[in-house]
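Working notes, beginning with the structure itself.
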Amino acid sequence: MKTEFSASTYTNGYEFSQGTGYQLPEYPAVIPPAVQSGQTEHLRILIIGGGLTGLTLACSLAQLGVKAVLIDEDNTVGVKGASSRGICYTQKSLEIFDKLGIYDRIKAKGIEWSVGRTFAGEDEVYNFDLKAQNSFSLSQQPAFINIQQFYNEGFLVERTMALGGVELRWNNRVTAFSKEEGVANFTIETPGGSYRAQADFVIDATGSKTPFRDWLGVKVTRKQGDDRWCIADVRFNTQPPKERHTWIEAPFNDNRAVWQHLMADDVWRIDYQMAPDADPAYVSREDVVRERLARQFGQDVKVDIVWVGPYAYRSECVDRMMVDLGKSLFFFIGDSAKVVSPFGARGGNTGIADADNLAWKLAAVVHGRATPDVLASYHDERHEAATTNVQVTNRTARYLRPADGAERLFRKASISLAKKYPFARSLVNTGRMAVANAYTRSPLKAPELAQSHSVQNVGFQWVDGSQGQLNDLLRWAAGAPLLLVWGNEQGLIQPHILRQLQSLSEAAGIRVVHVCTHEGLVRSRESILDSAAALARACSVDGQGHVRDMLRSPSCQWALIRPDSYLAARGQAINGRLIHTLARLAGTRLLGAHA
Amino acid sequence: MKSSTPVSHESQTLELKLAITYSDDFYEALLDAHTGLSPSESADLNARLILVMANQIAHNGILKQCIQAAKSAE
Chain A
2 MKTEFSASTY
12 TNGYEFSQGT
22 GYQLPEYPAV
32 IPPAVQSGQT
42 EHLRILIIGG
52 GLTGLTLACS
62 LAQLGVKAVL
72 IDEDNTVGVK
82 GASSRGICYT
92 QKSLEIFDKL
102 GIYDRIKAKG
112 IEWSVGRTFA
122 GEDEVYNFDL
132 KAQNSFSLSQ
142 QPAFINIQQF
152 YNEGFLVERT
162 MALGGVELRW
172 NNRVTAFSKE
182 EGVANFTIET
192 PGGSYRAQAD
202 FVIDATGSKT
212 PFRDWLGVKV
222 TRKQGDDRWC
232 IADVRFNTQP
242 PKERHTWIEA
252 PFNDNRAVWQ
262 HLMADDVWRI
272 DYQMAPDADP
282 AYVSREDVVR
292 ERLARQFGQD
302 VKVDIVWVGP
312 YAYRSECVDR
322 MMVDLGKSLF
332 FFIGDSAKVV
342 SPFGARGGNT
352 GIADADNLAW
362 KLAAVVHGRA
372 TPDVLASYHD
382 ERHEAATTNV
392 QVTNRTARYL
402 RPADGAERLF
412 RKASISLAKK
422 YPFARSLVNT
432 GRMAVANAYT
442 RSPLKAPELA
452 QSHSVQNVGF
462 QWVDGSQGQL
472 NDLLRWAAGA
482 PLLLVWGNEQ
492 GLIQPHILRQ
502 LQSLSEAAGI
512 RVVHVCTHEG
522 LVRSRESILD
532 SAAALARACS
542 VDGQGHVRDM
552 LRSPSCQWAL
562 IRPDSYLAAR
572 GQAINGRLIH
582 TLARLAGTRL
592 LGAHA
Chain B
70 MKSSTPVSHE
80 SQTLELKLAI
90 TYSDDFYEAL
100 LDAHTGLSPS
110 ESADLNARLI
120 LVMANQIAHN
130 GILKQCIQAA
140 KSAE
């Protein structure tokens with residue numbers, strides 16, 4: 002039965018923005034041969050949407066040697082002449098970008114920060130330094146880098162093109178969709194005419210205004226309030242410190258909230274909370290913004306307005322992030338799957354993590370290393386992350402825009418207490434900064450593991466003494482699981498265990514690395530020196546920053562790490578737990594073991 | 070594997086028999102703290118007091134039962 006869905010509309014809308022903006026790149030439109038031939042093109046993997054998340058997926062697939070096509074309705078990154086958008090990139094995102102080969106460019110362009118300060122009125126209520134926390138301190142990447150979203154998108158475009166294998170088709174827009182006999186069918190419009198395409202794996206990276214939720218009948222949980230903000234990207238002649246500053250009640254903003262961050266090119270990102278239901282046209286007028294900036298920084302401050310625009314947020318979450326159409330499989334990633342309020346940087350960063358989670362699984366299926374049932378774990382894992390992030394950010398939104406009456410009363414109480422007593426500081430909720438979400442219900446992890454957490458990109462030394470990092474090992478594993486093996490008390494791996502590892506490596510297609518803590522033990526090519534035992538700690542630190550179950554001798558110790566850095570299992574002896582976990586990762590079940 | 074998240078003591082139930090050592094003592098201290106305050110100042114004090122006391126009780130499970138007990142006594 003053929004079911005046609007109604008035509009889509011353009012997703013970009015920045016009606017009220019003002020300011021000189023940036024000169025963003027323009028890529029040439031792509032008119033595929035199918036436009037001329039009239040034949041329906043068959044695609045293995047189709048990514049719809051070339052924003053932050055779609056491009057991260059495209060680049061990841063290119064890195065893994067998987068062919069795919071990405072289509073985007075326009076021919077640029079960001080939106081023409083527009084704003085900074087998502088600016089705070091978490092350590093996990095930076096680790097992913099490092100794996101993809103664009104981290105050095107981000108580091109050169111962006112601003113690192115780890116200190117945050119929260120103010121109410123004239124008082125600093127509390128501060129934090131993320132560098133001091135275990136869950137951040139072991140990585141080669143810093144806790145955060147601030148950079149305008151279009152820079153990361155531009156870097157991803159260039160890297161994807163350099164890697165090859167994934168085609169970016171600009172000015173290609175889906176105008177119709179149908180699912181005949183379980184196959185996803187698309188009509189795609191280009192400046193040179195339309196064409197039809199079918200795809201086995203479809204990834205919706207079109208963002209929050211996606212038409213696909215309705216088209217696929219996916220249920221959405223939604224929450225929207227009356228909180229209104231104004232975003233201003235400005236340059237001034239003053240130089241406040243490179244810290245995240247948040248005011249819950251700023252005297253220079255009618256006792257409403259203000260967020261302040263530095264980004265690339267000496268451009269500051271300042272978010273002003275407005276009155277509830279404020280008119281977006283008024284809120285984003287340049288003269289109104291200038292007046293506010295003068296109140297904040299003094300009348301003498303010289304200001305260059307790069308971009309100004311109104312902002313309102315909501316939360317949304319689909320009930321299914323993967324839909325099986327029968328023959329084609331459909332995935333929601335990034336904002337198309339869930340939308341969150343911006344506090345804590347859980348929007349763009351979650352999309353990047355969605356892409357990193359899905360890429361290696363698609364690669365494993367396409368390359369025949371796993372059966373398609375492994376793809377269901379994308380929903381299991383990323384839906385848990387999505388619902389967690391929605392809950393956390395909604396709590397922050399409720400704190401920042403409290404209802405009149407009791408909610409405002411308790412906020413006032415928490416602020417007064419926080420100024421005097423340490424216990425109350427963590428009640429002040431100006432955003433719980435994003436971490437790599439742990440998976441507690443994943444079908445891919447060993448059942449004995451309470452949660453699957455992301456192992457930080459730890460540094461170590463190669464046999465020749467040069468510096469290496471976990472990402473190097475993951476890139477070398479090229480989409481296969483990575484098995485880290487520590488020796489016994491003497492750091493040695495006994496011969497019979499070595500033989501087991503060799504045959505396991507061949508049979509299961511995994512990469513094995515011997516982690517040595519003493520220089521004298523480093524013998525084979527697949528040996529690394531980790532004298533600080535940082536890798537062992539990183540395999541033990543969970544999402545809350547607690548060091549659990551420090552790996553100890555006497556027998557052989559191991560940790561199995563997925564291509565997205567998540568720990569799948571760890572153990573003492575090379576035994577059934579390792580075998581069964583490898584079987585899970587391959588989407589098969591051995592010996593009747595259950596999920 | 071042991072979880073490292075805070076234990077919520079869901080199995081512990083609320084103490085509904087009098088447990089305060091000298092309840093008249095506490096009651097007087099509470100009323101005295103409010104003496105001379107306007108209604109909004111009293112509301113502010115109560116809110117701060119709830120948060121201070123909540124931190125003393127500490128366990129999520131008990132705290133939620135406290136909220137339930139207070140709500141159902143309307």
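Same order as they appear, the protein sequences are chains A and B. Numbering-wise (the numbering used here), the first sequence opens with residue 2 and increments by one. Numbering-wise (the numbering used here), the second sequence opens with residue 70 and increments by one. No residue lacks a Cβ here, since even glycine has one placed at the ideal position from N, Cα and C. Bear in mind that the values here come from a model prediction, so they are computed numbers and not experimental data.
(message) Beta-carbon within less than 6 Å of A/M322's beta-carbon, same chain only, minus the 5 sequence neighbours each way: which residues are those?
(response) F333, A338, H380, R383, H384
(message) Please return the same chain residues whose Cβ sits closer than 8 Å to the Cβ of A/G111, not counting the five positions on each side in sequence.
(response) Y90, I146, N147, I148, Y152, M264, A265
(request) Return the bridge partner residues of A/V231 from the DSSP annotation. (result) Per the sequence shown, residue 231 of chain A should be read as Cys rather than Val. Bridge partners of A/C231: A/Y273, A/P311.
(request) Name, please, each residue of chain A whose Cβ falls closer than 7 Å to the Cβ of B/L120. (result) A414, S415, L418, A425, L428
(message) Please state whether the Cβ-Cβ distance between A/T188 and A/N172 is less than 8 Å.
(response) no
(message) Need the endpoints of the alpha helix (DSSP H) that A/N147 sits in, please.
(response) No alpha helix (DSSP H) holds A/N147; the beta strand (DSSP E) holding it covers 145 to 147.
(message) Between A/V340 and A/R315, how many whole angstroms is the CB-CB distance? I'm expecting something under 8 Å.
(response) 6 Å
(message) Distance cutoff 8 Å, beta carbons only. Does A/N576 sit that close to anything in chain B?
(response) no
(request) Give a yes or no on whether the minimum CB-CB distance between B/A116 and chain A is below 8 Å. (result) yes
(message) Taking the straight line between their C-alpha atoms, what separation do you get for A/I232 and A/G52?
(response) 20 Å
(request) Within 10 angstroms of the Cβ of A/V516, are there 16 or more other Cβ atoms? Answer buried if so, exposed if not. (result) buried
(message) Can you tell me where the beta strand (DSSP E) holding A/I72 begins and where it ends?
(response) 69 to 73
(request) Could you round the C-beta distance between A/V375 and A/V367 to whole angstroms and report it? I think they count as a contact, below 8 Å. (result) Their Cβ separation, rounded to whole angstroms, is 12 Å, which puts A/V375 and A/V367 out of contact at 8 Å.
(request) Check A/D405 in the structure and name its three-state DSSP category. (result) coil
(request) Can you tell me which of A/G352, A/S38, A/K420, A/G572 puts its alpha carbon nearest to the alpha carbon of B/R117? (result) A/K420
(request) Pick out whichever of A/L95, A/G102, A/D227 has its Cα sitting closest to the Cα of A/D405. (result) A/D227
(message) Quick check on the DSSP output: the alpha helix (DSSP H) that includes A/S94 runs from which residue to which?
(response) 92 to 101
(message) Let me make sure I understand the geometry here. Which of A/A387, A/T176, A/V456, A/G432 has the alpha-carbon closest to that of A/T222?
(response) A/A387
(message) With a threshold of 8 Å between beta carbons, is A/F137 in contact with chain B?
(response) no
(message) Spatial neighbours of A/D124 within its chain, please: C-beta separation below 6 Å, excluding the five flanking residues on both sides.
(response) K420
(message) For A/R553, would you say it is in contact with chain B, using Cβ-to-Cβ distances shorter than 8 Å as the test?
(response) In this prediction, A/R553 scores a pLDDT of 46, lower than 50, which makes its location untrustworthy; no coordinate-derived value is stated.
(request) Please report the residue range of the beta strand (DSSP E) in which A/L44 lies. (result) 42 to 49
(request) Give the residues of chain B in contact with A/L410, contact being defined as C-beta atoms less than 8 Å apart. (result) A112, D113, A116
(request) Would you kindly work out how many angstroms separate the C-alpha atoms of A/A479 and A/I511, rounded to a whole number? (result) 10 Å
(message) For a cutoff of 8 Å on Cβ pairs, would you count B/N129 as touching chain A?
(response) no
(message) Once the 5 residues before and after A/D205 are set aside, which same chain residues still bring their CB inside 6 Å of it?
(response) I49, T211, F213, F333, S337
(request) Output the distance between the C-alpha atoms of A/Q558 and A/G588, rounded to the nearest integer angstrom. (result) 25 Å
(message) Only counting the same chain, and skipping five residues up and downstream in sequence, which positions put a Cβ closer than 8 Å to that of A/D597?
(response) What is shown of chain A runs 2 to 596, which leaves residue 597 of chain A out entirely.
(message) Going by DSSP in three states, A/S7 sits in which element: helix, strand or coil?
(response) Since pLDDT at A/S7 reaches only 43, below the 50 mark, its modelled position is unreliable, and the value read off the structure follows with that caveat. DSSP places A/S7 in coil when its eight states are reduced to three.
(request) Check whether the Cβ of A/S556 lies closer than 8 Å to any Cβ atom in chain B. (result) Low confidence applies to A/S556: its pLDDT is 43, below 50, so where it sits in the model is not reliable enough to give any reading.
(request) List the DSSP bridge partners of A/D305. (result) A/R236
(message) Can you tell me which residues form a DSSP beta bridge with A/E250?
(response) A/A121
(request) Can you check DSSP and say which residues form a bridge with A/W559? (result) A/V486, A/G572
(request) With 8 Å as the threshold, decide whether the Cβ of A/F151 is near any Cβ in chain C. (result) The structure shown contains no chain C; its protein chains are A and B.
(request) Examine the Cβ distances between the region 563 to 575 of chain A and the region 442 to 452 of chain A and report whether three or more of them are shorter than 8 Å. (result) yes
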